[in-house]
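Novice:
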Amino acid sequence: ADFEKARPVYDPHNDLYYRPFHRGDSLYIMEYRLAGRDTVHKRVEKIDYIVGSGQHTNSHIREVNGYLYQMPLTWYAQDGKWDLPPKFAGGNNYRFDRPIPIQCMTCHNAMPGFVEGSENRFSHVPDGIDCERCHGPGSVHVEAMRAGRAVDVTREIDRTIVNPAKLPVERQFDVCQRCHMQGAAVWKQSPMAFRPGMRLADFENVFWPRFADSTHQFIMASHPDRLKMSACFIQTQRRPDPDRGSLTCITCHDPHVPIETLGADHYNQVCQSCHAAPKTATCTEAAAVRARAGDNCVSCHMPVSGSTDIPHVRITDHFIRAVRPGEVEILSAEEATDRRRFVRMAGLIDPNPPPEEMAEGFLTYYEEITNQPGFPDSAAAHLEKALRTKTPRELARPLVWAWFRQGRFDEIIRLARTLHPTDVPDAWTWYRIGEAFLTTGQADEAVTYLERAVERAPEHLRFLTKLGVAYHQAGRLDRALATFDAVLQANPTFAEAYNNRGFTRAMRGDVAGAEADFKAALALDPDAVMPLANLASLYFNLGRKEEARPLAERLVALDPGNPNYQSFLRLLQ
Numbered sequence: 003a004d005f006e007k008a009r010p011v012y013d014p015h016n017d018l019y020y021r022p023f024h025r026g027d028s029l030y031i032m033e034y035r036l037a038g039r040d041t042v043h044k045r046v047e048k049i050d051y052i053v054g055s056g057q058h059t060n061s062h063i064r065e066v067n068g069y070l071y072q073m074p075l076t077w078y079a080q081d082g083k084w085d086l087p088p089k090f091a092g093g094n095n096y097r098f099d100r101p102i103p104i105q106c107m108t109c110h111n112a113m114p115g116f117v118e119g120s121e122n123r124f125s126h127v128p129d130g131i132d133c134e135r136c137h138g139p140g141s142v143h144v145e146a147m148r149a150g151r152a153v154d155v156t157r158e159i160d161r162t163i164v165n166p167a168k169l170p171v172e173r174q175f176d177v178c179q180r181c182h183m184q185g186a187a188v189w190k191q192s193p194m195a196f197r198p199g200m201r202l203a204d205f206e207n208v209f210w211p212r213f214a215d216s217t218h219q220f221i222m223a224s225h226p227d228r229l230k231m232s233a234c235f236i237q238t239q240r241r242p243d244p245d246r247g248s249l250t251c252i253t254c255h256d257p258h259v260p261i262e263t264l265g266a267d268h269y270n271q272v273c274q275s276c277h278a279a280p281k282t283a284t285c286t287e288a289a290a291v292r293a294r295a296g297d298n299c300v301s302c303h304m305p306v307s308g309s310t311d312i313p314h315v316r317i318t319d320h321f322i323r324a325v326r327p328g329e330v331e332i333l334s335a336e337e338a339t340d341r342r343r344f345v346r347m348a349g350l351i352d353p354n355p356p357p358e359e360m361a362e363g364f365l366t367y368y369e370e371i372t373n374q375p376g377f378p379d380s381a382a383a384h385l386e387k388a389l390r391t392k393t394p395r396e397l398a399r400p401l402v403w404a405w406f407r408q409g410r411f412d413e414i415i416r417l418a419r420t421l422h423p424t425d426v427p428d429a430w431t432w433y434r435i436g437e438a439f440l441t442t443g444q445a446d447e448a449v450t451y452l453e454r455a456v457e458r459a460p461e462h463l464r465f466l467t468k469l470g471v472a473y474h475q476a477g478r479l480d481r482a483l484a485t486f487d488a489v490l491q492a493n494p495t496f497a498e499a500y501n502n503r504g505f506t507r508a509m510r511g512d513v514a515g516a517e518a519d520f521k522a523a524l525a526l527d528p529d530a531v532m533p534l535a536n537l538a539s540l541y542f543n544l545g546r547k548e549e550a551r552p553l554a555e556r557l558v559a560l561d562p563g564n565p566n567y568q569s570f571l572r573l574l575q
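Okay, here's the thing in structure tokens:
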């Protein structure tokens with residue numbers, strides 16, 4: 003990545019600029035805002051980790067006491083440019099605060115040391131993917147080799163280590179699609195539990211929509227799904243012993259050798275090793291077209307394409323088919339829209355999941371990929387099917403999740419009052435129940451359920467922050483203050499906790515402490531509405547109207563339709 007002559011990246015939705023730079027041997031990202039020629043906001047954060055092979059992208063992570071967060075710049079290697087990361091554009095800028103959960107880290111790295119009970123805290127972060135991600139734990143193999151118990155692998159399988167090439171076809175795919183089949187992942191066990199050779203469907207399922215035209219609508223990490231759509235794969239599955247002759251990832255790829263070092267001849271030979279029969283051995287394309295393609299099977303039958311989820315990248319589409327190079331379809335706006343029409347949600351690892359798992363697929367897709375309101379409703383419909391054979395207590399996790407996203411807080415509360423603390427081990431369920439009580443003005447009961455969430459996830463900072471809010475609303479200001487102190491000790495850049503602590507301090511009469519906290523929140527996030535409003539209100543009540551006025555003007559600019567901000571500004575004027 004270019005840290006020397008990088009041009010600033012502008013986010014027009016938030017009026018923020020980003021510039022990467024280095025100072026000595028350290029790398030940084032600076033966020034700033036201009037008013038004319040004046041810099042009116044500046045924040046600089048150090049880059050602690052870079053993620054990515056550099057073939058397509060490099061992403062950047064900062065660390066705060068073991069808590070990892072994605073930063074707001076990505077290097078797009080193919081175009082040689084900086085831009086906002088995927089999912090940060092279009093007004094969704096997480097800035098420096100997108101948590102890196104265990105699901106992300108376990109695909110982009112060797113197995114880390116994850117702090118259980120946190121969202122994104124790690125005790126150890128390895129320096130890249132290692133052998134065990136494909137071959138499984140190696141201690142037994144190392145012990146055998148040191149003891150001189152070597153196996154002649156030309157005659158038998160070495161059972162002390164997993165060789166993916168010796169696995170059945172589906173277990174081979176499971177090794178690869180653990181990371182190369184992305185989408186809305188629903189976890190049945192910890193993301194750290196799967197080992198090569200195990201059945202991946204016992205650990206997770208991945209959900210992704212089928213569109214009216216799924217030929218052209220696909221994401222970057224969808225290689226196994228695309229390959230399994232191919233006639234080449236389907237035909238090999240019809241052989242008497244598909245485990246011996248099936249088309250899999252390692253038919254073409256050597257995981258130990260970078261693809262660019264092998265060259266087109268290697269991949270052409272793989273194609274021709276199957277296409278040897280008289281009917282398939284000769285390419286039927288016109289000689290001139292073949293010449294332009296350099297007689298490269300891959301360039302025609304696996305064309306390079308963009309992806310629907312990551313900008314500025316070009317990837318090889320693994321759906322092998324006849325594609326005429328250079329042909330361009332002219333579509334009307336209606337036809338183009340129809341091709342993106344949602345048809346159904348598909349389970350890519352287990353195609354026949356139970357209805358409650360399908361419901362969680364819809365909810366995960368809704369939270370991570372889209373905000374279209376119909377998805378929680380679809381989840382609720384699947385849960386109605388699940389309720390034919392299971393009780394609400396057995397389905398508490400997905401029911402609470404779906405109802406939470408639908409705003410059905412009264413139903414959450416009714417179910418919660420039937421639950422025993424041991425019924426649901428999942429911290430998120432108790433958190434959502436606590437939120438339901440808090441939203442309906444029942445702070446004392448919210449505390450009970452949020453405490454259960456924090457008991458199960460004591461280092462989840464968002465849970466702790468919400469518990470502090472519940473303490474405050476329940477009038478337990480000392481407990482609220484102690485909770486916000488704990489959050490800020492863990493992460494001194496948690497803007498929301500500064501605002502909440504400032505509000506609690508103001509209620510206790512600590513004006514100076516409240517002012518300092520509101521300012522600290524705004525230094526981290528100059529557009530955070532709550533600390534802006536709280537600081538403006540504090541100044542107004544102290545008679546410092548000249549200091550309150552620019553804050554009120556900023557509030558109106560950020561939310562011009564809010565009548566309370568309009569009235570407050572008129573009062574100050």
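Going by the working numbering, the residue at position 182 of the sequence shown is 184; the numbering climbs one at a time, nothing skipped. Where is the CB? At the ideal position from N, CA and C, for every residue including glycine.
1) Which same chain residues, not among the five before or five after histidine 15, have their C-beta less than 6 Å away from its C-beta?
2) In the DSSP assignment, the beta strand (DSSP E) including tyrosine 20 goes from what residue to what residue?
3) Can you confirm whether the region 231-250 touches the region 170-188 when touching is taken to mean that 3 or more C-beta pairs between the two stretches lie within less than 8 Å?
4) Our contact map puts threonine 485 next to glycine 504 with C-beta atoms below 8 Å; I'd like the distance itself, whole angstroms only.
5) Under three-state DSSP, which class holds tyrosine 96?
6) Kindly give me the distance between the Cβ atoms of alanine 198 and histidine 137, rounded to whole angstroms, as I take these residues to be in contact under 8 Å.
7) My guess is that alanine 187 and valine 208 are in contact by the Cβ rule of under 8 Å, so how many angstroms apart are they, rounded?
8) Determine whether the beta carbon atoms of tyrosine 30 and threonine 41 lie at a separation below 8 Å.
9) Return the first residue and the last residue of the beta strand (DSSP E) that glutamine 191 is part of.
10) Put lysine 89 into one of helix, strand or coil per three-state DSSP.
11) DSSP state of valine 306, grouped into three classes?
12) Measuring alpha carbon to alpha carbon, tell me which residue in Gly38, Tyr19, Glu47 is nearest arginine 25.
13) Among residues of its own chain, excluding the 5 on either side of tyrosine 19, which ones have a beta-carbon nearer than 6 Å to its beta-carbon?
14) Please name the residue in His126, Arg240, Gly119 whose C-alpha comes closest to that of threonine 108.
15) By Cβ distance below 7 Å, which residues in the same chain neighbour glutamate 370 in space, the five residues on each side in sequence not counted?
16) Where do the ends of the alpha helix (DSSP H) carrying glycine 349 lie?
17) In terms of residue numbering, what span does the alpha helix (DSSP H) encompassing histidine 384 cover?
18) Run through the DSSP bridge pairs and tell me what serine 120 is partnered with.
19) Can you round the beta-carbon distance between tyrosine 78 and isoleucine 102 to whole angstroms, since I take them to be within the 8 Å contact cut?
20) Output the boundary residues of the beta strand (DSSP E) element that contains histidine 62.
21) From Arg399, Leu557, Ala535, pick the residue whose C-alpha is nearest to that of leucine 365; which is it?
22) Look up phenylalanine 209 in the DSSP assignment and give the residues it is bridged to.
23) Are the region 214-229 and the region 305-325 touching by the rule of at least three beta carbon pairs closer than 8 Å?
24) Among Arg454, Glu517, Val53, which has the Cα closest to the Cα of tryptophan 430?
25) Could you give the residue range of the alpha helix (DSSP H) that holds glutamate 555?
26) Taking glutamate 362 as the reference, give the member of Glu118, Gly511, Ala382, Arg346 with the closest Cα.
27) Return no unless some Cβ of chain C is closer than 8 Å to the Cβ of glutamate 158.
28) Report buried or exposed for glutamine 237, applying the criterion of at least 16 other Cβ atoms within 10 angstroms of its Cβ.
29) Out of Tyr368, Ala91, Ala482, Tyr51, which has the shortest C-alpha to C-alpha gap to valine 66?
30) With alanine 203 and isoleucine 104 assumed to form a contact (beta carbons below 8 Å), what rounded beta-carbon distance in angstroms separates them?
31) On the DSSP letters alone, give me the boundaries of the beta strand (DSSP E) that alanine 37 sits inside.
32) Can you list, in chain order, the residues of its chain with a C-beta nearer than 8 Å to that of valine 315? Leave out the 5 residues immediately preceding and following it.
33) Would you kindly work out how many angstroms separate the C-alpha atoms of valine 142 and cysteine 133, rounded to a whole number?
34) On a Cα-Cα basis, can you pick out the residue from His43, Met73, Arg434 that is closest to valine 53?
35) Proline 528: which of His43, Trp403, Phe570, Arg100 sits nearest, CA to CA?
36) Pick from Pro166, Gly477, Pro22, Thr156: whose alpha carbon is nearest that of leucine 75?
Specialist: Put simply:
1) If you number the sequence shown from 1, residue 15 lands on position 13. In the same chain as histidine 15, and ignoring 5 residues on each side of it, the C-beta atoms closer than 6 Å to its own belong to Gly93, in chain order.
2) Residue 20 sits at position 18 when you count from the first residue of the sequence shown. Segment 18-25, the beta strand (DSSP E) holding tyrosine 20.
3) Yes, the region 170-188 touches the region 231-250.
4) Position 483 of the sequence shown, counted from the start, is the residue given in the question as residue 485. Position 502 of the sequence shown, counted from the start, is the residue given in the question as residue 504. Cβ-Cβ separation between threonine 485 and glycine 504: approximately 14 Å, too far for a contact (criterion under 8 Å).
5) Indexing the sequence shown from 1 puts residue 96 at position 94. In this structure, tyrosine 96 counts as coil in the three-state DSSP scheme.
6) As a working note, residue 198 is residue 196 in the sequence shown. As a working note, residue 137 is residue 135 in the sequence shown. Looking at the sequence provided, one finds proline at residue 198 rather than alanine. Taking the Cβ atoms as the reference, proline 198 lies roughly 6 Å from histidine 137, within the contact range of under 8 Å.
7) Locating residue 187 in the sequence shown gives position 185, counting from the first residue. Locating residue 208 in the sequence shown gives position 206, counting from the first residue. Taking the Cβ atoms as the reference, alanine 187 lies roughly 5 Å from valine 208, within the contact range of under 8 Å.
8) In the sequence shown, counting from the first residue as 1, residue 30 sits at position 28. In the sequence shown, counting from the first residue as 1, residue 41 sits at position 39. Cβ atoms of tyrosine 30 and threonine 41: not closer than 8 Å.
9) Position 189 of the sequence shown, counted from the start, is the residue given in the question as residue 191. Neither: glutamine 191 is in no beta strand (DSSP E) and is coded neither H nor E.
10) What you label residue 89 is simply residue 87 of the sequence shown in a count that begins at 1. In this structure, DSSP gives lysine 89 a state outside helix and strand, which the three-state scheme calls coil.
11) Residue mapping note: residue 306 aligns to position 304 of the sequence shown, counting from 1. Strand, per DSSP.
12) Start at 1 with the first residue of the sequence shown, and residue 25 comes out as number 23. Of the candidates Gly38, Tyr19, Glu47, the one whose C-alpha sits nearest the C-alpha of arginine 25 is Glu47.
13) As a working note, residue 19 is residue 17 in the sequence shown. For tyrosine 19, the CB contacts under 6 Å within the same chain, skipping 5 residues up- and downstream, are Pro10, Tyr12, Tyr34 in chain order.
14) For the purposes of this step, residue 108 is identified with residue 106 of the sequence shown, where counting begins at 1. Comparing Cα-Cα distances from threonine 108 to each of His126, Arg240, Gly119, the minimum goes to His126.
15) What you label residue 370 is simply residue 368 of the sequence shown in a count that begins at 1. Around glutamate 370: Ala186.
16) For the purposes of this step, residue 349 is taken as the residue at position 347 of the sequence shown. Segment 344-349 is the beta strand (DSSP E) holding glycine 349; no alpha helix (DSSP H) there.
17) As a first step, residue 384 is located in the sequence shown; it is residue number 382 there, counting from the start. Taken as a continuous stretch (DSSP letters only), the alpha helix (DSSP H) holding histidine 384 covers 376-388.
18) As a position in the sequence shown, residue 120 is number 118, starting the count at 1. In DSSP, serine 120 forms a bridge with Glu461.
19) For the purposes of this step, residue 78 is taken as the residue at position 76 of the sequence shown. For the purposes of this step, residue 102 is taken as the residue at position 100 of the sequence shown. Incorrect: roughly 20 Å between the Cβ atoms, too far for contact.
20) In the sequence shown, residue 62 corresponds to position 60, counting from 1. 59-66 is the span of the beta strand (DSSP E), which, as asked, contains histidine 62.
21) Taking the first residue of the sequence shown as 1, we reach residue 365 at position 363. Answer by Cα proximity: Arg399.
22) The residue given as residue 209 occupies position 207 in the sequence shown. Bridge partners of phenylalanine 209: Ala186, Gly349.
23) Counting C-beta pairs with one atom in each stretch, the region 214-229 and the region 305-325 have three or more that are closer than 8 Å, which means they touch.
24) To locate residue 430, count along the sequence shown from 1; it is residue 428. The shortest C-alpha separation from tryptophan 430 is found at Arg454.
25) Taking the sequence shown and counting its residues from 1, the one referred to as residue 555 is at position 553. Counting along the chain, the alpha helix (DSSP H) containing glutamate 555 begins and ends at 547-560.
26) As a position in the sequence shown, residue 362 is number 360, starting the count at 1. When each option's Cα is compared against that of glutamate 362, the closest is Ala382.
27) Chain labels in this structure do not include chain C; a single protein chain is all it has.
28) If you number the sequence shown from 1, residue 237 lands on position 235. Around the beta carbon of glutamine 237, a 10 Å sphere encloses fewer than 16 other beta carbons of the protein chains shown; the residue is thus reported as exposed.
29) Counting from 1 along the sequence shown, the entry for residue 66 is found at position 64. Cα-wise, what sits closest to valine 66 is Tyr51.
30) If you number the sequence shown from 1, residue 203 lands on position 201. If you number the sequence shown from 1, residue 104 lands on position 102. Rounded to the nearest angstrom, the Cβ distance from alanine 203 to isoleucine 104 is 19 Å, too far for a contact under 8 Å.
31) Sequence index remark: in the sequence shown, residue 37 carries index 35 (1-based). Note, alanine 37: beta strand (DSSP E), 28-37.
32) By one-based count along the sequence shown, residue 315 stands at place 313. Result list for valine 315: His58, Thr59, Tyr78, Gln80, Met222, Gly308, Ser309, in chain order.
33) Taking the first residue of the sequence shown as 1, we reach residue 142 at position 140. Taking the first residue of the sequence shown as 1, we reach residue 133 at position 131. Each residue's Cα considered, the two are about 14 Å apart.
34) In the sequence shown, counting from the first residue as 1, residue 53 sits at position 51. Closest by alpha carbon: Met73.
35) One-based indexing of the sequence shown puts residue 528 at position 526. Ranked by Cα distance from proline 528, the first of His43, Trp403, Phe570, Arg100 is His43.
36) The sequence position of residue 75 within the sequence shown is 73, counting from 1. Ranking Pro166, Gly477, Pro22, Thr156 by CA distance to the CA of leucine 75 puts Pro22 first.
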